[in-house]
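Using my numbering, the first residue of the sequence shown is number 2, and each one after it goes up by one.
All C-beta atoms, glycine included, are put in the ideal place defined by N, C-alpha and C.
Keep in mind the model is a prediction, meaning the values are calculated, not measured.
Down below is the structure, laid out as structure tokens.
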Amino acid sequence: MSVFLSTKFLRLLQVLNPKELKDFETWLQSPWCNTNKNLIQLLARLKPYYPDFSDQNMSKEKLFRQVLPNGKYSERRMNNLFSEAYLVAEKFLVFQRVSRMQDLQNDLLSQEFQHRALDDWFFKDTSREIEHLTRKEVKSWEDEVELFRLYRSIYHHPSQESRMAPGGKLIRRMREQLDLLYLLEKATVINEMISRNRLFEGEQHDVAIELKKWVSISEGIEHPALDLYRMRFAHTGETQPVHYEQRYTAFLERFDLLNDREQNIHLLSLLNDAKLLIKSGSLDITASLPLYQLGLTTGAILNKGKLTDNTYMTIVIASNTKGTFDFTDHFMDTYAGCLTEKTRDDCTHWAKAHTAYWRKDLERSLAILQEYHFRVPDFQLISRVLHTQVYFDLYLQDYSYQASLFSFFDTFEKWLSREKLWSKFNKTSFLRFIQICRILARYYTDVSSDPKKLERLLEKEHNIQALNWLKQKKEVVLLLKTKY
């Protein structure tokens, strides 16, 4: 890559879309925005190489000759030209942002009125904006902040007429808005602290102290998001299914009354709690599917258009377990491109095998798993779990798969014991999965097995893979044994 391609100006040009690049070209041609005609020539010479700017024949000196054909080449002068172009581009970005934000334009205009002592215009304009924001049924975070700023700008205006009006209406509104802002933002911090206390052993935030202050200030203040936070904070310990269900119902009831930010916060909070309940066996994974579908619609579970492998797989598992295969197919076709390039092939092949398994096309699932070589270590591991499940179901249908199943148990265990990538705790969950599968398989063919013992098999299991699946297979095995 040419040295000049590392300049900040070209990096900025690369992130402009074609329309923005055209608008920037128009911006440069305006004497009001740009007084250096050389910048117009600079962009014109660079445009053919947009967006990669990867031509190996291009250099700073060659570009200099094209933009300034009559000047003597100077590295310093060329660098100054790039620097000036970048500063103009910065101003263009600011202009683009401001032009899309009508509320900010109104805010700046009100400030100008006040600064120029046009008080009658200032009060009229500010009051009109307050009325506009107050009428909004759903206010964004920026709306709430702007509403407080407007109250404050009137209250602290040099003219004391509004501030000293009888009844203290203005200061009361300003105080109420300040309390609401504090409560909404503080609640997001407390929510994050609760999550981090669960996820990171080295972090133990004192949630109790922060909650005490929050609860005290929130008393008597009504807001849809605050209602959900109150439910969330009422049980900060281990999540219980009944509390989760209450919050889930309340969230759906209030969803349309929340702004995008609060929708995403409470949606992700519920999903995190659902994961814990699913892992403990207290919640069926299918119950989380509507939340994930909502997260796809709102974009809450997408990070800059990307999906994590774990989220992609969880959605596939939930949908297949529920039997909504049309949605699974649509999801895989639509969102495979949102996976990282490194893991996309592994993830999509695993998803196809998993879908075939739940469609009871066991032979096809087995063929996918055996024919494709998984490259990413995590997929090498979970594909073996799925491989085990396929062999187990084939074994329940046909005794001839017994040797293949028990051989795979042994192979999986030996492979897992050799691998150094995973901690002992993580390995234990997979080893325990194999052990339980082996117990179920042996029980199926053992005529002297005690069904009562098997019924208690999974009662105290927590650190184990595919717990819900194992519970289902335990019931299937018990039922089949009863028939025979």
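What are the residues that DSSP puts in a beta bridge with residue i?
{"i": "N304", "result": "K307"}
I'd like the list of long-range same chain contacts for residue i, defined as Cβ closer than 8 Å, with 5 residues on each side in sequence excluded.
{"i": "V139", "result": "D257, L258, L259 and N260"}
{"i": "A404", "result": "none"}
{"i": "F487", "result": "For the chain, the structure presents residues 2 to 485; residue 487 sits outside this window and is missing."}
{"i": "L479", "result": "P452, L455 and E456"}
{"i": "V208", "result": "I191, M194, I195, N198 and T237"}
{"i": "K1", "result": "A query on residue 1 cannot be resolved here, the shown segment of the chain reaching from 2 to 485 and no further."}
{"i": "L284", "result": "P242, Y245, A275 and L278"}
{"i": "R262", "result": "S141 and W142"}
{"i": "Y400", "result": "T446"}
{"i": "V386", "result": "F431, F434, Q466 and A467"}
Going by Cα to Cα distance, which pick from the options is closest to residue i?
{"i": "G302", "options": "I266, F326 and D285", "result": "For clarity, residue 302 is Ile in the given sequence; the question names Gly instead. Cα-wise, what sits closest to I302 is I266."}
{"i": "D126", "options": "L94, S154 and Y87", "result": "S154"}
{"i": "V477", "options": "E460, K280, N464 and C438", "result": "C438"}
{"i": "D334", "options": "S128, T349 and E342", "result": "T349"}
{"i": "I279", "options": "P32, S84 and L468", "result": "L468"}
{"i": "A442", "options": "F410, L459 and K421", "result": "F410"}
{"i": "L501", "options": "Q205, K187 and R199", "result": "The structure shown does not extend to residue 501, since the chain spans only 2 to 485, so no value can be given for it."}
{"i": "C378", "options": "P52, L422 and E204", "result": "The amino acid occupying residue 378 in the given sequence is Pro; Cys does not appear at that position. Nearest C-alpha to P378: L422."}
{"i": "L295", "options": "V89, K307, Q264 and K323", "result": "Q264"}
{"i": "E254", "options": "L268, Q241 and V243", "result": "L268"}
{"i": "H374", "options": "T309, D399, D207 and T344", "result": "T344"}
{"i": "L397", "options": "F380, Y444, A337 and S418", "result": "Y444"}
{"i": "H157", "options": "I440, R98, F123 and H133", "result": "F123"}
{"i": "K474", "options": "L297, L395 and N37", "result": "L395"}
{"i": "F413", "options": "S401, D399 and R433", "result": "R433"}
{"i": "T309", "options": "E342, L290, S384 and R173", "result": "E342"}
{"i": "E21", "options": "F96, Y152 and P70", "result": "F96"}
{"i": "L148", "options": "L40, E162 and R129", "result": "R129"}
{"i": "D503", "options": "S141, H224 and Y402", "result": "Look at the range of the chain in this structure, 2 to 485, and you will see that residue 503 is not part of it."}
{"i": "D346", "options": "E162, R46, T36 and R376", "result": "R376"}
{"i": "L229", "options": "T189, Q241, H206 and F201", "result": "T189"}
{"i": "K305", "options": "S418, C339 and I440", "result": "C339"}
{"i": "D24", "options": "Y74, Q57, R98 and F83", "result": "R98"}
{"i": "N37", "options": "L69, P19, K48 and Y51", "result": "L69"}
{"i": "N107", "options": "T389, R117 and I131", "result": "I131"}
{"i": "M79", "options": "Y50, L40 and Y51", "result": "L40"}
{"i": "A1", "options": "F65, V146, R150 and L17", "result": "A question about residue 1 goes unanswered here, because the residues of the chain that appear run from 2 up to 485."}
{"i": "T389", "options": "L290, D399 and S408", "result": "S408"}
{"i": "I383", "options": "W351, D399 and S289", "result": "W351"}
{"i": "L406", "options": "F393, W416, S418 and D399", "result": "F393"}
Whose C-beta lies closer than 6 Å to the C-beta of residue i among residues of the same chain, with five residues either side of it excluded?
{"i": "V391", "result": "Y358, L363, S366 and L367"}
{"i": "E239", "result": "none"}
{"i": "G282", "result": "L468"}
{"i": "K9", "result": "Y87"}
{"i": "M2", "result": "Low confidence applies to M2: its pLDDT is 42, below 50, so where it sits in the model is not reliable, and the reading given next is rough at best. Correct list: empty, nothing qualifies."}
{"i": "E372", "result": "none"}
{"i": "W28", "result": "C34 and F93"}
{"i": "L134", "result": "D144 and L148"}
{"i": "T322", "result": "I286 and T287"}
Take residue i and list the residues in its own chain whose beta-carbon comes closer than 7 Å to its own, dropping the five residues that flank it on each side.
{"i": "G271", "result": "The residue asked about is misnamed: residue 271 is Leu in this sequence, not Gly. Counting only Cβ-Cβ distances below 7 Å, and skipping sequence neighbours, we find R248, Y249, F252 and L292."}
{"i": "L184", "result": "W215, I218, S219, I222 and L227"}
{"i": "Q436", "result": "none"}
{"i": "S160", "result": "D120"}
{"i": "Y50", "result": "D56 and M59"}
{"i": "F65", "result": "Y74 and M79"}
{"i": "L182", "result": "E145, V146 and F149"}
{"i": "F328", "result": "S320"}
{"i": "Q67", "result": "R46"}
Under a CB-based cut-off of 8 Å, is residue i close to chain C?
{"i": "G306", "result": "The structure shown contains no chain C; it is built from a single protein chain."}
Indicate whether the contact test is met: 3 or more Cβ pairs, each with one atom in the region 228-236 and one in the region 179-199, closer than 8 Å. yes
Three or more C-beta pairs closer than 8 Å, one from the region 104-121 and one from the region 27-46: is that the case here? Counting Cβ pairs under 8 Å, fewer than three are found: no touch.
Whole runs of the alpha helix (DSSP H) within the region 214-242, excluding any shorter than 4 residues: 225-234
For the region 61-74 and the region 9-24, state whether three or more C-beta atom pairs, one from each stretch, are separated by less than 8 Å. no
Quick one: complete alpha helix (DSSP H) runs, 4+ long, within the region 280-344? Counting only runs of at least 4 residues, the region 280-344 fully encloses the following alpha helix (DSSP H) elements, listed from N- to C-terminal order: 290-299, 310-323 and 326-336.
Return the chain-ordered ranges of every alpha helix (DSSP H) run that is complete within the region 96-145 and spans a minimum of 4 residues. 103-116 and 120-136
Counting only runs of 4+ residues fully inside the region 139-218, write out the alpha helix (DSSP H) ranges in chain order. The region 139-218 contains these whole alpha helix (DSSP H) runs: 142-156 and 170-200.
Kindly provide the ranges of any alpha helix (DSSP H) runs that are 4 or more residues long and lie completely inside the region 420-474, ordered along the chain. 425-446 and 452-456
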